[in-house]
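Enquirer: Take this structure first; my questions come after.
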Amino acid sequence: MEKDEFNKLEKLYHYTSFDSCIKILLSNTLLLGKLCDLNDINELYRPLFSKTLEGTDFDYVRKELGKYQQLSLTQDDKSIDRLGFDIPAMWGHYADKGRGVCLVFNKAKLLKAKPSFVLQTASVDYDKTYTPDIHFSINENGTLVPFTEQEIVDLFFKKTNDWSYEQEYRIIAKNDINDLRLLYEIGDSLEGIILRRADDITPEKKIFSSINFTILKQLLGEKIINSELFWEKRIWEYNSFINERNLCDFEGDSPWSVYI
53 MEKDEFNKLE KLYHYTSFDS CIKILLSNTL LLGKLCDLND INELYRPLFS
103 KTLEGTDFDY VRKELGKYQQ LSLTQDDKSI DRLGFDIPAM WGHYADKGRG
153 VCLVFNKAKL LKAKPSFVLQ TASVDYDKTY TPDIHFSINE NGTLVPFTEQ
203 EIVDLFFKKT NDWSYEQEYR IIAKNDINDL RLLYEIGDSL EGIILRRADD
253 ITPEKKIFSS INFTILKQLL GEKIINSELF WEKRIWEYNS FINERNLCDF
303 EGDSPWSVYI
């Protein structure tokens, strides 16, 4: 991929382990997460406040809230000139301490294919005044009054400032059918795969000599994107050396580099 094409493309990123990457490639899907599995304690332990206190079944309300699921992605932050794959903390927290991958998606293609169970997609807003409280109303028949679009934004697209380094873009969905985690079809939105390190090679060796790269090469086979062989031109090694960081493909070409 040429530098101009890479820079112009509006991208979303997904950090994950190498094993999960293989599952994503084989199924061509991303697995949404349940809200009870989030790592933000503000989102895990949320006080409930009923606007109609009399006869409120709080266990029922918690069960209804449990139907919401989310898919966390990372985006570029142009305001501080930081790209979504260039965040060391994200590699450490979500990509198996750098041994995993960062998947690169075409944002327009990924969101165009969104299924009917998706309620909203948006950037997460970081605010020091964030409160985890959930205020809700109950109908006369005892059912939960559906949240408005603004209430969904307030519930799922706001976090405290200390999470701002994640540059998160969220997809919020709801499963009204069963307790299973939902699958999001990615279609042809995958633009590239970024690798950083692997256990079977020393730090001074290229990632392209690793078993992980060999597995991806075999799995992707003759996959072509924009006339380019995917494994040859769309698997990038993320390098950091002295005062330069860059992405480099199998042939040594770089779609991105920065000097610090």
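Heads up, the sequence shown is in the working numbering, so the first residue is 53 and it goes up one at a time.
No residue lacks a Cβ here, since even glycine has one placed at the ideal position from N, Cα and C.
Please read all numbers here as calculations on a predicted model, not as lab measurements.
Does Val-197 pass the burial test, meaning 16 or more other C-beta atoms within 10 Å, or should it be called exposed?
Expert: What you label residue 197 is simply residue 145 of the sequence shown in a count that begins at 1. Classification of Val-197: exposed, given that the 10 Å Cβ count is below 16.
Enquirer: Can Leu-247 and Asn-230 be called in contact, C-beta distance under 9 Å?
Expert: Within the sequence shown, numbered from 1, the residue matching residue 247 stands at position 195. Within the sequence shown, numbered from 1, the residue matching residue 230 stands at position 178. Contact: no.
Enquirer: Find the nearest neighbour of Thr-173 within the set Glu-284, Asn-193 and Lys-226, judged by alpha-carbon distance.
Expert: Position 121 of the sequence shown, counted from the start, is the residue given in the question as residue 173. Considering only alpha carbons, the answer is Lys-226.
Enquirer: Can the beta-carbon of Gly-239 be found less than 9 Å from the beta-carbon of Leu-162?
Expert: Start at 1 with the first residue of the sequence shown, and residue 239 comes out as number 187. Start at 1 with the first residue of the sequence shown, and residue 162 comes out as number 110. Closer than 9 Å, so yes.
Enquirer: In whole angstroms, what is the alpha-carbon distance linking Gly-136 and Asp-109?
Expert: For the purposes of this step, residue 136 is taken as the residue at position 84 of the sequence shown. For the purposes of this step, residue 109 is taken as the residue at position 57 of the sequence shown. Distance between the alpha carbons of Gly-136 and Asp-109: 42 Å.
Enquirer: Rank Tyr-65, Glu-57 and Asp-89 by C-alpha distance to the C-alpha of Arg-233 and give the top, closest one.
Expert: Against the sequence shown, residue 233 aligns to sequence position 181. Among Tyr-65, Glu-57 and Asp-89, the Cα nearest to that of Arg-233 is on Asp-89.
Enquirer: Excluding the 5 residues flanking Lys-285 on each side, which residues of the same chain have their C-beta closer than 6 Å to its C-beta?
Expert: Here residue 285 is taken as the residue at index 233 of the sequence shown, counted from 1. The residues are Asp-301.
Enquirer: Do Asp-92 and Trp-215 have their beta-carbon atoms positioned less than 9 Å apart in this structure?
Expert: As a working note, residue 215 is residue 163 in the sequence shown. As a working note, residue 92 is residue 40 in the sequence shown. Against a cut-off of 9 Å, the Cβ pair of Asp-92 and Trp-215 comes out as a contact.
Enquirer: Pull the bridge partners of Lys-63 from the DSSP assignment, please.
Expert: To locate residue 63, count along the sequence shown from 1; it is residue 11. Paired residue(s): Asn-158.
Enquirer: Can you tell me the Cβ-Cβ gap for Ile-245 and Leu-155, rounded? I've got them flagged as a contact below 8 Å.
Expert: Counted from its first residue, the sequence shown places residue 245 at position 193. Counted from its first residue, the sequence shown places residue 155 at position 103. Contact holds; Cβ gap of about 6 Å.
Enquirer: Is Lys-180 near the ligand ZN, judged by its Cβ being under 8 Å from some heavy atom?
Expert: What this structure holds is no ligand at all, so the ligand ZN is not there to describe.
Enquirer: Report the option in Lys-159, Asn-298, Glu-303 and Gln-202 whose CA atom is closest to the CA atom of Leu-242.
Expert: For this step, residue 242 is matched to residue 190 along the sequence shown. When only C-alpha atoms are compared, the closest one is Lys-159.
Enquirer: Just confirm the distance between the C-beta atoms of Ser-292 and Leu-299, as a whole number of angstroms; I'd bet it's less than 8 Å.
Expert: If you number the sequence shown from 1, residue 292 lands on position 240. If you number the sequence shown from 1, residue 299 lands on position 247. Ser-292 to Leu-299, Cβ: 11 Å. No contact.
Enquirer: Taking buried to mean at least 16 other C-beta atoms within 10 Å of its own C-beta, is Thr-68 buried or exposed?
Expert: As a first step, residue 68 must be located in the sequence shown, where it is residue number 16. By the neighbour-count rule (16 or more Cβ atoms within 10 Å), Thr-68 is buried.
Enquirer: Where Thr-104 and Gln-121 are concerned, what is the direct C-alpha to C-alpha distance, given to the nearest angstrom?
Expert: Here residue 104 is taken as the residue at index 52 of the sequence shown, counted from 1. Here residue 121 is taken as the residue at index 69 of the sequence shown, counted from 1. Rounded to the nearest angstrom, the two C-alpha atoms are 26 Å apart.
Enquirer: Apply the 10 Å Cβ neighbour rule to His-66 and answer buried if 16 or more other Cβ atoms are within range, or exposed otherwise.
Expert: Counting from one through the sequence shown, the residue named residue 66 turns up at place 14. Classification for His-66: buried.
Enquirer: Thinking Leu-271 and Thr-81 are a contact (beta carbons under 8 Å), I'd like their distance in whole angstroms, please.
Expert: On the sequence shown, position 219 is the one that residue 271 refers to. On the sequence shown, position 29 is the one that residue 81 refers to. Going by Cβ atoms, the distance from Leu-271 to Thr-81 rounds to 15 Å, so no, they are not a contact pair.
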